[in-house]
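Chemist:
Protein chains: 2
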Amino acid sequence: MAAVAPATRWRLLLLLLSSVGLGAVGAPQSPNIVLLLMDDMGWGDLGVYGEPSRETPNLDRMAAEGTLFPNFYSANPLCSPSRAALLTGRLPIRNGFYTTNAHARNAYTPQEIVGGIPRSEHLLPELLKEAGYISKIVGKWHLGHRPQFHPLKHGFDEWFGSPNCHFGPYDNRARPNIPVYRDWEMVGRFYEEFPINLKTGESNLTQIYLQEALDFIKRQQAQQHPFFLYWAIDATHAPVYASKAFLGTSQRGRYGDAVREIDDSVGKILDLLRGLSIGENTFVFFTSDNGAALISAPRQGGSNGPFLCGKQTTFEGGMREPAIAWWPGHIPAAQVSHQLGSIMDLFTTSLSLAGLEPPSDRTIDGLDLLPTLLQGRLVDRPIFYYRGNTLMAVTLGQYKAHFWTWTNSWEEFRQGVDFCPGQNVSGVTTHTQEEHTQLPLIFHLGRDPGERYPLSFASAEYLDALGRVTPVVRQHQEALVPGQPQLNVCNQAVMNWAPPGCDKLGKCLTPPESVPEKCSWPH
Amino acid sequence: MAAVAPATRWRLLLLLLSSVGLGAVGAPQSPNIVLLLMDDMGWGDLGVYGEPSRETPNLDRMAAEGTLFPNFYSANPLCSPSRAALLTGRLPIRNGFYTTNAHARNAYTPQEIVGGIPRSEHLLPELLKEAGYISKIVGKWHLGHRPQFHPLKHGFDEWFGSPNCHFGPYDNRARPNIPVYRDWEMVGRFYEEFPINLKTGESNLTQIYLQEALDFIKRQQAQQHPFFLYWAIDATHAPVYASKAFLGTSQRGRYGDAVREIDDSVGKILDLLRGLSIGENTFVFFTSDNGAALISAPRQGGSNGPFLCGKQTTFEGGMREPAIAWWPGHIPAAQVSHQLGSIMDLFTTSLSLAGLEPPSDRTIDGLDLLPTLLQGRLVDRPIFYYRGNTLMAVTLGQYKAHFWTWTNSWEEFRQGVDFCPGQNVSGVTTHTQEEHTQLPLIFHLGRDPGERYPLSFASAEYLDALGRVTPVVRQHQEALVPGQPQLNVCNQAVMNWAPPGCDKLGKCLTPPESVPEKCSWPH
């Protein structure tokens with residue numbers, strides 16, 4: 001993980017560039033950083049990734065002007081751990097975003113969760129401060145909603161959005177509606193001041209989030225601040241929504257309407273950067289938090305293209321993500337990089353862009369992608385797939401080894417909860433937890449991206465792949481120091497009853513008695 | 001089917017263009033036509049269609065310079081009928097390329113087939129002669145190998161290739177090896193003069209086919225003839241092969257090696273057209289004869305992207321094809337057309353390019369795509385999916401109605417013949433022939449390209465879709481005059497024992513006694 005050299009080199013490069021006049025009048029020393037993080041959007045949802053309706057002209061153009069990663073991964077098949085990994089550069093097993101309540105369970109931050117991002121974790125915006133960045137999060141935080149977890153306590157300077165998913169509407173008695181914050185205080189709740197019409201799918205939230213992004217960019221540009229914008233919007237997470245102008249416009253139904261509005265918004269963000277002449281001084285990265293939620297398909301869920309299963313699983317459909325890097329004048333246009341990339345790389349890469357080193361007192365899983373993006377260099381590195389504290393699989397080069405296979409329980413499956421609709425690979429998409437730690441199932445993802453044909457245990461190729469995977473996994477496991485699990489305890493009393501600012505709005509609700517209990521994570 | 005107007009208009013346009021000087025020195029009056037027809041290549045095999053390894057830079061560039069069709073269909077999920085449909089502009093049920101030996105069976109032209117393309121059918125090269133075109137077929141003919149079916153008796157002026165698939169090697173006793181022809185006579189046999197190493201996958205056939213194409217183009221250009229090149233190569237049909245320079249170079253294994261060599265060859269063909277300055281006078285279309293053969297995956301079969309099942313089936317994976325139209329200076333660059341297209345359209349479109357009308361004494365199923373390609377016009381038209389003489393399904397707009405579902409028999413399936421590996425949609429991918437003619441299964445292909453979620457029979461959407469599909473199907477069936485079925489009778493005596501020219505090579509074999517029998521088509 002050669003983070004030191006490229007970061008230093010990059011800073012030198014910047015100094016050189018500005019000395020030869022490329023640094024425009026008052027341009028910040030370090031490039032702005034815009035991370036566009038989608039919610040439950042799948043690898044197969046963009047035209048440039050082969051979605052047949054091809055309704056993402058702006059994202060496709062972004063790819064044509066930048067670098068497309070076909071082998072880019074989330075750090076977890078579920079939202080909160082994935083986002084915690086992005087902002088810390090560390091696997092959820094390290095930063096505490098996992099549960100030990102049962103074996104191999106996905107966990108996240110519903111509003112009854114007690115835990116959240118530990119104070120000991122260094123978040124990206126916190127570190128970017130050292131280089132003078134102003135940071136804003138627009139959209140879903142999802143790293144804990146109790147006061148100590150507030151994003152402005154973890155380095156962000158501004159926030160517009162919600163701490164949890166936009167589920168609801170709730171009755172504000174058994175369960176409060178999710179609040180929407182501006183900075184420190186709530187400014188309303190979903191389904192109240194921020195309506196989402198579940199019947200029609202209409203909501204103008206993406207337009208609001210877009211405006212927040214455009215305003216922030218303009219303000220920072222006017223003040224000549226380097227900025228970090230984390231645009232974590234959620235229109236493609238069920239219940240999916242779109243504003244009136246986009247509803248009914250997609251060939252793909254409501255989910256497609258949401259994608260079209262997002263695509264349009266990304267276009268407007270890039271247009272603004274171009275219009276302000278800061279495109280060449282702004283690094284933009286587009287990706288998603290986990291695979292498409294096939295349980296919500298087809299009307300409320302996206303596409304994972306040719307990959308197996310979706311969100312909640314550690315098959316490729318659950319964790320392989322669309323990913324586009326854009327930085328005109330620096331990242332060459334129309335490139336495809338087969339670097340195995342991780343959402344955690346956005347942490348290290350952003351620090352490198354800012355001329356900073358990642359923290360040296362802890363393990364950082366993210367790589368600096370700049371050598372890949374700027375010089376086409378490829379680094380051999382593993383991708384780890386976890387559920388809870390269980391290492392389910394690892395990918396190294398073209399080989400993916402599954403140590404455990406599981407989709408969900410027979411009980412859930414029989415009730416209609418299906419993470420792999422229409423797909424069934426015997427011995428692979430299992431409904432019981434199957435251990436393969438001694439003799440992992442190994443797939444060659446180049447020949448078999450859909451994980452349908454495990455290599456024969458007797459083949460030379462299997463033995464060779466196993467021989468390469470085994471020491472990498474052993475080294476990972478031996479060195480691993482798991483963080484304190486944050487997602488074990490739930491309590492109805494910690495829900496969003498009375499967020500800061502509720503009094504000004506007359507929106508404070510009375511919490512029930514505090515009863516801590518083990519959270520139940522069924523899959 | 002407004003074929004008259006565009007064809008006339010096009011001719012006028014050409015006259016106008018040449019009168020203002022765009023017709024270069026001695027340029028032919030009508031554009032050259034190059035049809036690049038792949039064998040068993042799937043929709044998902046090209047980078048531009050989302051194949052994760054993205055190893056088709058030349059085809060991707062062709063798409064960037066032309067029009068990509070995401071909704072383009074074969075006329076049959078199997079090779080011979082599909083090719084007969086391309087060259088006649090007519091459904092196999094009309095041109096005779098089907099069987100009635102059993103219900104809903106795929107049939108083709110193995111070397112024991114007695115039938116072939118009927119004399120009464122007008123093939124594209126035959127018609128193009130009227131406009132002065134010289135035509136060559138390079139590669140697989142597959143419309144019958146007995147003397148009366150020879151391509152040079154059906155309008156082609158030149159042939160280099162084989163009448164049947166490159167299966168083998170055979171012992172030349174029970175079964176002869178397939179001959180390779182140059183024009184009227186054989187010049188050798190596969191696995192003899194034209195080796196394919198089944199163990200290594202090495203064969204230089206694609207290089208030979210490429211050279212044939214380049215030579216033909218140069219010769220016709222030198223003689224100022226408008227030409228039609230039908231480049232029907234077969235490296236992606238099992239047994240897949242590649243030449244030494246490409247073997248082992250793909251991330252996708254041997255199948256990918258074959259694709260890379262084809263991609264490279266397409267690049268060389270387009271480069272030659274550009275180099276000879278006839279790119280703007282040459283219409284090039286790339287497509288495939290049917291979906292990827294998933295029975296041969298992963299080592300010898302391709303990818304159908306997000307679609308259901310593959311070759312042999314009437315699900316999208318069996319019949320939706322990659323399709324790119326290229327004609328610089330005429331077809332605008334980087335377009336995507338959602339016109340429902342058919343391989344049969346290449347017949348009508350080619351005639352239109354040549355300023356010819358399709359035959360008026362018979363039903364032609366192909367549309368003229370020029371209004372779509374040149375003016376972006378969309379035409380509402382059905383796509384029919386047949387197995388044998390059974391109408392299995394129809395697509396109209398976004399709706400696909402299945403009247404019959406079947407993959408293959410339980411017996412075959414239990415023996416390991418699987419057309420939908422890893423896929424299983426309850427009640428859809430059936431192993432018994434299920435009739436739905438009264439109440440078809442209907443899918444919305446925009447929301448559900450993978451055919452996983454049949455519309456509810458009770459929904460208003462279902463009733464509306466059914467109401468639109470029903471009259472179209474009724475009209476089709478009422479007007480249908482099936483051709484004489486050509487694929488019912490087999491006979492060992494008609495195999496390629498003694499093709500013309502065998503005597504000169506000392507390669508004539510003695511046929512066995514003539515015993516006509518019903519061909520057996522298991523699925």
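In order, the protein sequence lines correspond to chains X and R. First residue of the first sequence? That's 1 in full-length UniProt numbering, and the numbers climb one at a time after it. First residue of the second sequence? That's 1 in full-length UniProt numbering, and the numbers climb one at a time after it. Note that beta-carbon positions come from the ideal geometry of N, C-alpha and C, so glycine has one too.
Identify, in the order they occur along the chain, each residue of the same chain with its Cβ nearer than 7 Å to the Cβ of P449 of chain R, setting aside the five sequence neighbours on each side.
Modeler: Counting from 1 along the second sequence, the entry for residue 449 of chain R is found at position 449. Excluding positions up to five away in sequence, the list reads P306, F307, E316.
Chemist: Anything in chain R within Cβ reach of Q423 of chain X, meaning under 7 Å, just list it in chain order.
Modeler: On the first sequence, position 423 is the one that residue 423 of chain X refers to. G422, Q423, listed in chain order.
Chemist: Can you have a look at Q475 of chain X and say buried or exposed, based on whether 16 or more other CB atoms are within 10 angstroms of its CB?
Modeler: Counted from its first residue, the first sequence places residue 475 of chain X at position 475. Classification of Q475 of chain X: exposed, given that the 10 Å Cβ count is below 16.
Chemist: Establish whether the CB of N496 of chain R and some CB of chain X are separated by less than 8 Å.
Modeler: Locating residue 496 of chain R in the second sequence gives position 496, where the first residue counts as 1. Chain X contact via Cβ: absent.
Chemist: Residues of chain R with CB closer than 7 Å to the CB of V336 of chain X, please, in chain order.
Modeler: For the purposes of this step, residue 336 of chain X is identified with residue 336 of the first sequence, where counting begins at 1. Result: R54.
Chemist: Measuring CA to CA, which of R:V240, R:A323, R:L374, R:T314 is closest to G301 of chain R?
Modeler: Your numbering for residue 301 of chain R matches position 301 in the second sequence. Nearest option by C-alpha distance: R:V240.
Chemist: Does S303 of chain R come within less than 8 Å of chain X when only Cβ atoms are used?
Modeler: Here residue 303 of chain R refers to the residue found at position 303 when the second sequence is read from its first residue. Interface residue, yes.
Chemist: So, helix, strand or coil for G23 of chain R, using DSSP?
Modeler: By 1-based counting over the second sequence, the position of residue 23 of chain R is 23. Confidence at G23 of chain R is low in this model, with a pLDDT of 35, below 50, so the placement of that residue should be treated as unreliable; the coordinate-derived value is given next. G23 of chain R: coil per DSSP, three-state reduction.
Chemist: Residues of chain R with CB closer than 7 Å to the CB of D171 of chain X, please, in chain order.
Modeler: For this step, residue 171 of chain X is matched to residue 171 along the first sequence. The contacting residues do not exist; D171 of chain X stays about 30 Å from chain R at best.
Chemist: With distances taken Cα to Cα, identify the nearest neighbour of Y453 of chain R among X:R299, X:A174, X:T99, X:I217.
Modeler: Counted from its first residue, the second sequence places residue 453 of chain R at position 453. Closest by alpha carbon: X:R299.
Chemist: Taking the beta strand (DSSP E) that A401 of chain X belongs to, which residues open and close that run?
Modeler: Your numbering for residue 401 of chain X matches position 401 in the first sequence. Residues 399–402.
Chemist: Is it true that the segment 283–291 of chain X meets the segment 28–41 of chain X, where meeting means three or more beta-carbon pairs spaced less than 8 Å apart?
Modeler: These segments touch.
Chemist: For Y49 of chain X, decide whether its Cβ has a neighbour in chain R, counting only Cβ atoms nearer than 8 Å.
Modeler: For the purposes of this step, residue 49 of chain X is taken as residue 49 along the first sequence, with counting starting at 1. Yes, contact with chain R.
Chemist: By DSSP, does R274 of chain R sit in helix, in strand, or in coil?
Modeler: If you number the second sequence from 1, residue 274 of chain R lands on position 274. Correct three-state label for R274 of chain R: helix.
Chemist: Give me the Cα-Cα distance between P125 of chain X and T56 of chain R, rounded to the nearest whole angstrom.
Modeler: Numbered from its first residue, the first sequence carries residue 125 of chain X at position 125. Numbered from its first residue, the second sequence carries residue 56 of chain R at position 56. Roughly 40 Å separates the two Cα atoms.
Chemist: Which residue from X:A292, X:T437, X:E434 puts its Cα closest to that of P421 of chain X?
Modeler: Taking the first sequence and counting its residues from 1, the one referred to as residue 421 of chain X is at position 421. Nearest of X:A292, X:T437, X:E434 to P421 of chain X, Cα basis: X:A292.
Chemist: Note down, in chain order, every chain X residue with its Cβ under 9 Å from the Cβ of Q398 of chain R.
Modeler: Along the second sequence, read from residue 1 onward, the residue named residue 398 of chain R stands at position 398. Among the residues of chain X, those whose CB is under 9 Å from the CB of Q398 of chain R are Q251, following chain order.
Chemist: Does chain R have any CB closer than 8 Å to the CB of G450 of chain X?
Modeler: By 1-based counting over the first sequence, the position of residue 450 of chain X is 450. Closer than 8 Å to some Cβ of chain R, the Cβ of G450 of chain X qualifies, so yes.
Chemist: Our contact map puts A242 of chain X next to G188 of chain X with C-beta atoms below 8 Å; I'd like the distance itself, whole angstroms only.
Modeler: Taking the first sequence and counting its residues from 1, the one referred to as residue 242 of chain X is at position 242. Taking the first sequence and counting its residues from 1, the one referred to as residue 188 of chain X is at position 188. In fact, because the Cβ distance is near 20 Å, the residues do not count as touching under 8 Å.
Chemist: Threshold first: 4 residues or longer. Then list the alpha helix (DSSP H) segments lying entirely within the segment 395–437 of chain R, N to C.
Modeler: 410–414, all fully within the segment 395–437 of chain R.
Chemist: Does chain X have any CB closer than 8 Å to the CB of G446 of chain R?
Modeler: Here residue 446 of chain R refers to the residue found at position 446 of the second sequence. Chain X, which has a Cβ nearer than 8 Å to the Cβ of G446 of chain R, makes this yes.
Chemist: Please report how far the alpha carbon of A27 of chain X lies from the alpha carbon of N424 of chain X, in whole angstroms.
Modeler: By one-based count along the first sequence, residue 27 of chain X stands at place 27. By one-based count along the first sequence, residue 424 of chain X stands at place 424. Note that A27 of chain X scores a pLDDT of 37, beneath 50, so its modelled location is shaky and nothing firm can be said.
Chemist: Output, in chain order, the set of chain R residues within a Cβ distance shorter than 9 Å of P332 of chain X.
Modeler: Here residue 332 of chain X refers to the residue found at position 332 of the first sequence. One finds nothing in chain R with a Cβ atom closer than 9 Å to the Cβ of P332 of chain X; even the nearest lies about 14 Å away.
Chemist: Check whether the segment 177–187 of chain X and the segment 49–63 of chain X touch, using three or more Cβ-Cβ pairs below 8 Å as the test.
Modeler: no
Chemist: With 16 other CB atoms within 10 Å as the buried threshold, where does Q484 of chain X fall?
Modeler: As a position in the first sequence, residue 484 of chain X is number 484, starting the count at 1. Its Cβ having fewer than 16 others within 10 Å, Q484 of chain X is exposed.
Chemist: Report yes or no: is there a C-beta of chain R within less than 8 Å of the C-beta of Y453 of chain X?
Modeler: Translated into the one-based positions of the first sequence, residue 453 of chain X becomes position 453. True, the Cβ-Cβ gap to chain R drops below 8 Å.
Chemist: Since R381 of chain X meets chain R, which of its residues come closer than 8 Å, beta carbon to beta carbon?
Modeler: What you label residue 381 of chain X is simply residue 381 of the first sequence in a count that begins at 1. Simply none; closest approach about 17 Å.
Chemist: Over what stretch of residues does the alpha helix (DSSP H) that includes M319 of chain X continue unbroken?
Modeler: Within the first sequence, numbered from 1, the residue matching residue 319 of chain X stands at position 319. Looking at the DSSP string, the run of the alpha helix (DSSP H) that includes M319 of chain X is 316–319.
Chemist: Does DSSP put P28 of chain X in a helix, a strand or coil?
Modeler: The residue labelled residue 28 of chain X in the question sits at position 28 within the first sequence. Because P28 of chain X carries a pLDDT of 41, less than 50, the predicted location of this residue cannot be relied on, and the following value inherits that uncertainty. In the structure shown, the three-state DSSP call for P28 of chain X is coil.
Chemist: Do I178 of chain R and S203 of chain R have their beta-carbon atoms positioned less than 8 Å apart in this structure?
Modeler: For the purposes of this step, residue 203 of chain R is identified with residue 203 of the second sequence, where counting begins at 1. For the purposes of this step, residue 178 of chain R is identified with residue 178 of the second sequence, where counting begins at 1. No.
Chemist: Quick one: which chain X residues come within Cβ less than 7 Å of R299 of chain R?
Modeler: Position 299 of the second sequence, counting from 1, holds the residue named residue 299 of chain R. By Cβ distance, chain X contributes R447.
Chemist: Quick one: which residues of the segment 30–44 of chain R get their C-beta closer than 8 Å to a C-beta of chain X? List them in chain order.
Modeler: G44
Chemist: Spell out the partners DSSP gives A213 of chain X in its beta bridges.
Modeler: For the purposes of this step, residue 213 of chain X is taken as the residue at position 213 of the first sequence. In the DSSP assignment, A213 of chain X is bridged to no other residue.
Chemist: Using a Cβ-Cβ distance cut-off of 8 Å, determine whether P306 of chain R contacts chain X.
Modeler: Counted from its first residue, the second sequence places residue 306 of chain R at position 306. Contact with chain X is found for P306 of chain R, since one of that chain's Cβ atoms lies less than 8 Å from the residue's Cβ.
Chemist: With burial defined as no fewer than 16 other Cβ atoms inside 10 Å of the residue's Cβ, what is the status of P522 of chain X: buried or exposed?
Modeler: On the first sequence, position 522 is the one that residue 522 of chain X refers to. Result: exposed.
Chemist: Once the 5 residues before and after F384 of chain R are set aside, which same chain residues still bring their CB inside 7 Å of it?
Modeler: Residue mapping note: residue 384 of chain R aligns to position 384 of the second sequence, counting from 1. Here the set comprises L91, L391, V394, H476.
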